[in-house]
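Numbering (UniProt numbering), first residue to last: 1 to 209. Beta carbons are placed, not taken as given, at the ideal position from N, Cα and C, and that holds for glycine. On a predicted model such as this, the values are computed, not experimentally measured, just so you know. Encoded as structure tokens, the structure appears first; notes follow it.
Here's what the structure looks like:
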């Protein structure tokens, strides 16, 4: 008896069931999820999550993609018992679907050459820290394997420069540059930092059980 049609039907049924169970149904559930009002620990309320602004944050997300940050950093905090993410301080809780409802696409990442960034906006709220880290990670994180992004900055030795409005001039630490050295970030660096500071999963949400 020729069983090929039966086998093919079984394979097709498995593929269809997997498509519905793993892709289509979760996607429908995700589409129904919207930002909601969250009560913070201090009793104040806020909408979570918020959309990226078109001025700096959304362009910064594109810089994040174009610079290949997604290849070395993830944006998903694993639950306790599935790694040491929370113990390392990478997040205050595990990531949940609501964290990503406004992200198209979400940059969950595929590996962690560097630390997870899902909550970097809370861990590092300082613009100056981020800019120094981008210029040369060894300044803020000695031993880091992250490459420097000095091409995003204009470097001046000696007199403090007069940067364009909205672009800070940051002096490098004396331990790094013996002569007075200043860096001025370009628009890409400023936008990237603005985007990184939006990465915050600090609110407790009912999705976390």
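query                                                                                                  : result
Cβ distance (whole Å) where residue 194 is taken to contact residue 153 below 8 Å                      : Their Cβ separation, rounded to whole angstroms, is 16 Å, which puts residue 194 and residue 153 out of contact at 8 Å.
Length of the line joining the Cα atoms of residue 105 and residue 205                                 : 21 Å
Candidates 149, 103, 207: closest to residue 185 by CA position                                        : 149
Sequence-distant residues of its chain with Cβ nearer than 7 Å to residue 80 (five each side left out) : 86
Short Cβ contact (8 Å threshold) for residue 73 with residue 116                                       : yes
Cα-Cα separation, residue 11 to residue 119                                                            : 42 Å
Within the stretch 44–84, ranges of the alpha helix (DSSP H) (whole runs, at least 4 residues)         : 57–66
Rounded separation between residue 203 and residue 39 - CA only                                        : 8 Å
Residue from 113, 207, 160, 102 whose Cα sits closest to the Cα of residue 52                          : 102
Residue from 97, 175, 88, 198 whose Cα sits closest to the Cα of residue 142                           : 175
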